[in-house]
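K.L.:
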Amino acid sequence: MTHGQTDLCISCLNANRYRSELQDVIGMFVSTLPYRMQLDSYWSFDELVKHVREKCLTILEHSHYPLQHILADHHLNQSNASFLETMFDFVTTSDVEDDLYLSDSNLKQVFLGESYNVAKFDFSLTFIHKPTATNGRLSCYFECSRDLFNSNSLETIARRFEYLEQVFYYFAGGSGRNSTESISKTASHC
1 MTHGQTDLCI
11 SCLNANRYRS
21 ELQDVIGMFV
31 STLPYRMQLD
41 SYWSFDELVK
51 HVREKCLTIL
61 EHSHYPLQHI
71 LADHHLNQSN
81 ASFLETMFDF
91 VTTSDVEDDL
101 YLSDSNLKQV
111 FLGESYNVAK
121 FDFSLTFIHK
131 PTATNGRLSC
141 YFECSRDLFN
151 SNSLETIARR
161 FEYLEQVFYY
171 FAGGSGRNST
181 ESISKTASHC
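Oh and the sequence shown: position 178 is 178 in full-length UniProt numbering, straight run, nothing missing.
1) With which residues is residue 38 paired in a DSSP beta bridge?
2) Any chance the stretch 46–53 sits against the stretch 15–22, with 3 or more Cβ pairs inside 8 angstroms?
3) Would you call the stretch 141–158 and the stretch 18–33 touching, i.e. three or more CB-CB distances under 8 angstroms?
4) One question on the structure: do residue 53 and residue 9 come within less than 8 angstroms of each other, judged by their Cβ atoms?
5) Could you name the residues of the same chain whose beta carbon sits closer than 6 angstroms to that of residue 129, not counting the 5 residues immediately before and after it, in chain order?
6) State the start and end residues of the unbroken alpha helix (DSSP H) segment that holds residue 69.
7) Please name the residue, chosen from 24, 42, 25 and 23, that lies closest to residue 6 on a Cα-to-Cα basis.
8) In the DSSP assignment, what are the bridge partners of residue 33?
9) Classify residue 51 as helix, strand or coil using the three-state DSSP reduction.
10) Determine the direct distance from the alpha carbon of residue 125 to that of residue 158, and round the result to whole angstroms.
11) Quick one: measure Cβ to Cβ for residue 122 and residue 156, integer angstroms, because I've assumed they're closer than 8 angstroms.
12) Quick check: the Cα distance between residue 60 and residue 12, rounded to an integer number of angstroms?
13) With a threshold of 16 other CB atoms inside 10 Å of the CB of residue 56, please say whether the residue is buried or exposed.
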(Lines of atoms letter the chains of each structure in order from A and count residues from 1; the text may use other names and numbers.)
(Lines give C-alpha, C1' and ligand atoms only; values in the text may rest on other atoms or scores of the structure.)
Protein backbone atom coordinates (compact mmCIF):
# COMPACT_ATOMS: atom_id res chain seq x y z
CA MET A 1 0.00 0.00 0.00
CA THR A 2 1.36 3.37 -0.96
CA HIS A 3 0.35 7.01 -1.24
CA GLY A 4 -2.11 7.09 1.64
CA GLN A 5 -4.11 4.02 0.64
CA THR A 6 -5.96 2.51 3.59
CA ASP A 7 -8.12 -0.13 1.92
CA LEU A 8 -6.49 -3.50 1.22
CA CYS A 9 -8.15 -6.57 -0.24
CA ILE A 10 -6.32 -9.80 -1.07
CA SER A 11 -7.43 -13.36 -1.59
CA CYS A 12 -6.45 -16.20 0.72
CA LEU A 13 -6.90 -19.92 0.48
CA ASN A 14 -8.90 -21.74 3.12
CA ALA A 15 -9.07 -25.49 3.77
CA ASN A 16 -12.87 -25.03 3.98
CA ARG A 17 -13.36 -27.97 6.32
CA TYR A 18 -15.70 -25.99 8.54
CA ARG A 19 -17.61 -29.03 9.82
CA SER A 20 -15.97 -31.74 11.93
CA GLU A 21 -17.17 -34.53 9.63
CA LEU A 22 -15.13 -33.00 6.77
CA GLN A 23 -11.81 -33.19 8.65
CA ASP A 24 -10.93 -36.76 7.63
CA VAL A 25 -12.61 -36.84 4.21
CA ILE A 26 -10.30 -37.12 1.20
CA GLY A 27 -10.90 -34.44 -1.39
CA MET A 28 -10.41 -30.81 -2.32
CA PHE A 29 -12.51 -28.49 -0.23
CA VAL A 30 -10.22 -25.48 -0.65
CA SER A 31 -11.95 -22.18 -1.18
CA THR A 32 -10.75 -18.68 -1.98
CA LEU A 33 -11.81 -15.95 0.42
CA PRO A 34 -11.44 -12.21 0.01
CA TYR A 35 -9.80 -10.53 3.00
CA ARG A 36 -10.59 -6.83 3.02
CA MET A 37 -8.85 -4.69 5.61
CA GLN A 38 -9.45 -1.01 6.13
CA LEU A 39 -6.36 0.21 7.92
CA ASP A 40 -5.46 3.32 9.89
CA SER A 41 -1.93 4.65 9.43
CA TYR A 42 -1.96 5.90 13.03
CA TRP A 43 -2.42 2.44 14.54
CA SER A 44 0.48 0.95 16.45
CA PHE A 45 1.81 -2.37 15.20
CA ASP A 46 0.01 -4.16 18.05
CA GLU A 47 -3.27 -2.45 17.12
CA LEU A 48 -2.77 -3.46 13.48
CA VAL A 49 -2.11 -7.10 14.43
CA LYS A 50 -5.17 -7.15 16.70
CA HIS A 51 -7.38 -5.68 13.95
CA VAL A 52 -6.11 -8.12 11.31
CA ARG A 53 -6.52 -11.08 13.69
CA GLU A 54 -10.11 -10.14 14.58
CA LYS A 55 -11.00 -9.53 10.94
CA CYS A 56 -9.49 -12.85 9.83
CA LEU A 57 -11.36 -14.79 12.52
CA THR A 58 -14.61 -13.10 11.49
CA ILE A 59 -13.99 -13.98 7.84
CA LEU A 60 -13.26 -17.63 8.69
CA GLU A 61 -16.62 -17.91 10.47
CA HIS A 62 -18.23 -17.44 7.04
CA SER A 63 -15.77 -19.52 5.02
CA HIS A 64 -18.52 -21.82 3.74
CA TYR A 65 -20.07 -18.96 1.72
CA PRO A 66 -18.99 -19.48 -1.93
CA LEU A 67 -16.76 -16.90 -3.60
CA GLN A 68 -19.18 -16.66 -6.53
CA HIS A 69 -21.92 -15.51 -4.12
CA ILE A 70 -19.60 -12.99 -2.46
CA LEU A 71 -18.75 -11.53 -5.87
CA ALA A 72 -22.40 -11.46 -6.93
CA ASP A 73 -23.39 -9.71 -3.68
CA HIS A 74 -20.96 -6.92 -4.58
CA HIS A 75 -21.85 -6.88 -8.30
CA LEU A 76 -18.43 -8.23 -9.31
CA ASN A 77 -17.29 -11.11 -11.43
CA GLN A 78 -13.93 -12.86 -11.51
CA SER A 79 -12.70 -10.77 -14.43
CA ASN A 80 -13.10 -7.44 -12.61
CA ALA A 81 -12.22 -8.48 -9.05
CA SER A 82 -8.59 -7.36 -8.91
CA PHE A 83 -8.04 -8.78 -5.41
CA LEU A 84 -8.19 -12.25 -6.95
CA GLU A 85 -4.82 -11.55 -8.59
CA THR A 86 -3.02 -11.10 -5.24
CA MET A 87 -2.77 -14.25 -3.12
CA PHE A 88 -1.55 -14.95 0.41
CA ASP A 89 -1.29 -18.50 1.70
CA PHE A 90 -0.09 -19.87 5.04
CA VAL A 91 0.46 -23.62 4.98
CA THR A 92 1.12 -25.66 8.11
CA THR A 93 2.76 -29.03 7.45
CA SER A 94 4.03 -31.90 9.53
CA ASP A 95 7.33 -33.75 9.37
CA VAL A 96 5.55 -36.87 10.54
CA GLU A 97 4.56 -39.08 7.65
CA ASP A 98 1.05 -40.25 8.36
CA ASP A 99 -0.06 -43.49 6.77
CA LEU A 100 -3.30 -43.12 4.90
CA TYR A 101 -5.52 -46.09 4.16
CA LEU A 102 -8.30 -46.30 1.61
CA SER A 103 -10.20 -49.59 1.90
CA ASP A 104 -7.40 -52.18 2.05
CA SER A 105 -4.81 -50.02 0.28
CA ASN A 106 -2.03 -48.14 2.05
CA LEU A 107 -1.46 -44.76 0.34
CA LYS A 108 1.94 -43.04 0.38
CA GLN A 109 2.91 -39.56 -0.71
CA VAL A 110 5.10 -39.52 -3.83
CA PHE A 111 7.21 -36.53 -4.83
CA LEU A 112 6.87 -35.91 -8.56
CA GLY A 113 9.83 -33.57 -8.86
CA GLU A 114 9.89 -29.91 -9.68
CA SER A 115 8.07 -28.68 -12.71
CA TYR A 116 8.05 -25.39 -14.56
CA ASN A 117 6.08 -22.89 -12.49
CA VAL A 118 3.36 -20.89 -14.13
CA ALA A 119 2.11 -17.97 -12.07
CA LYS A 120 -1.52 -18.49 -11.18
CA PHE A 121 -1.78 -14.97 -9.76
CA ASP A 122 -0.12 -11.63 -10.48
CA PHE A 123 1.53 -11.80 -7.05
CA SER A 124 1.54 -14.63 -4.54
CA LEU A 125 3.17 -14.86 -1.10
CA THR A 126 3.23 -18.28 0.58
CA PHE A 127 4.50 -19.18 4.04
CA ILE A 128 5.24 -22.81 4.90
CA HIS A 129 5.28 -23.54 8.65
CA LYS A 130 6.46 -26.83 10.13
CA PRO A 131 5.58 -26.64 13.85
CA THR A 132 7.34 -29.94 14.57
CA ALA A 133 10.62 -28.88 12.95
CA THR A 134 13.53 -28.48 15.35
CA ASN A 135 14.53 -25.08 13.97
CA GLY A 136 10.99 -23.68 14.21
CA ARG A 137 11.47 -21.50 11.14
CA LEU A 138 9.19 -20.45 8.34
CA SER A 139 9.81 -20.80 4.64
CA CYS A 140 8.60 -17.99 2.44
CA TYR A 141 7.96 -18.05 -1.30
CA PHE A 142 7.12 -15.26 -3.73
CA GLU A 143 5.64 -16.08 -7.09
CA CYS A 144 5.02 -13.28 -9.56
CA SER A 145 3.93 -12.89 -13.14
CA ARG A 146 6.78 -11.91 -15.45
CA ASP A 147 4.28 -9.80 -17.37
CA LEU A 148 4.09 -7.45 -14.37
CA PHE A 149 7.33 -7.96 -12.40
CA ASN A 150 10.88 -8.16 -13.69
CA SER A 151 13.62 -9.91 -11.72
CA ASN A 152 14.94 -6.59 -10.33
CA SER A 153 11.51 -5.69 -8.94
CA LEU A 154 11.18 -9.10 -7.34
CA GLU A 155 14.65 -8.85 -5.80
CA THR A 156 13.75 -5.42 -4.36
CA ILE A 157 10.50 -6.79 -2.89
CA ALA A 158 12.36 -9.76 -1.38
CA ARG A 159 15.09 -7.55 0.15
CA ARG A 160 12.50 -5.23 1.69
CA PHE A 161 10.58 -8.19 3.01
CA GLU A 162 13.75 -9.67 4.54
CA TYR A 163 14.52 -6.34 6.20
CA LEU A 164 10.98 -6.05 7.56
CA GLU A 165 11.17 -9.62 8.86
CA GLN A 166 14.49 -8.87 10.60
CA VAL A 167 13.01 -5.78 12.28
CA PHE A 168 10.01 -7.77 13.52
CA TYR A 169 12.24 -10.58 14.75
CA TYR A 170 14.58 -8.16 16.52
CA PHE A 171 11.77 -6.36 18.34
CA ALA A 172 10.22 -9.69 19.29
CA GLY A 173 13.39 -10.49 21.26
CA GLY A 174 15.34 -12.41 18.63
CA SER A 175 19.06 -12.16 18.08
CA GLY A 176 18.67 -10.24 14.83
CA ARG A 177 19.28 -13.24 12.60
CA ASN A 178 16.68 -14.34 10.10
CA SER A 179 13.80 -16.39 11.44
CA THR A 180 12.58 -17.38 8.01
CA GLU A 181 14.28 -20.47 6.68
CA SER A 182 14.41 -19.28 3.12
CA ILE A 183 12.93 -16.73 0.84
CA SER A 184 12.44 -18.18 -2.58
CA LYS A 185 11.76 -15.84 -5.44
CA THR A 186 10.03 -17.22 -8.49
CA ALA A 187 9.13 -15.12 -11.48
CA SER A 188 6.83 -17.06 -13.76
CA HIS A 189 4.98 -16.51 -16.98
CA CYS A 190 1.18 -16.33 -16.81
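C-beta atoms are modelled at their ideal positions from N, C-alpha and C, and glycine is treated no differently.
P.N.:
Quick look at the numbers:
1) 7
2) no
3) No: the two stretches stay apart, fewer than three of their Cβ pairs being nearer than 8 angstroms.
4) It is not a contact, given that the beta carbons lie outside the stated cut-off.
5) 92 and 138
6) Looking at the DSSP string, the run of the alpha helix (DSSP H) that includes residue 69 is 67–73.
7) 42
8) 12
9) helix
10) So the alpha carbons of these two residues sit roughly 11 angstroms apart.
11) Between residue 156 and residue 122 the Cβ distance is about 16 angstroms, and since that is not below 8 angstroms, they are no contact.
12) Here the alpha carbon of residue 60 sits roughly 11 angstroms from the alpha carbon of residue 12.
13) Flag for residue 56 reads exposed.
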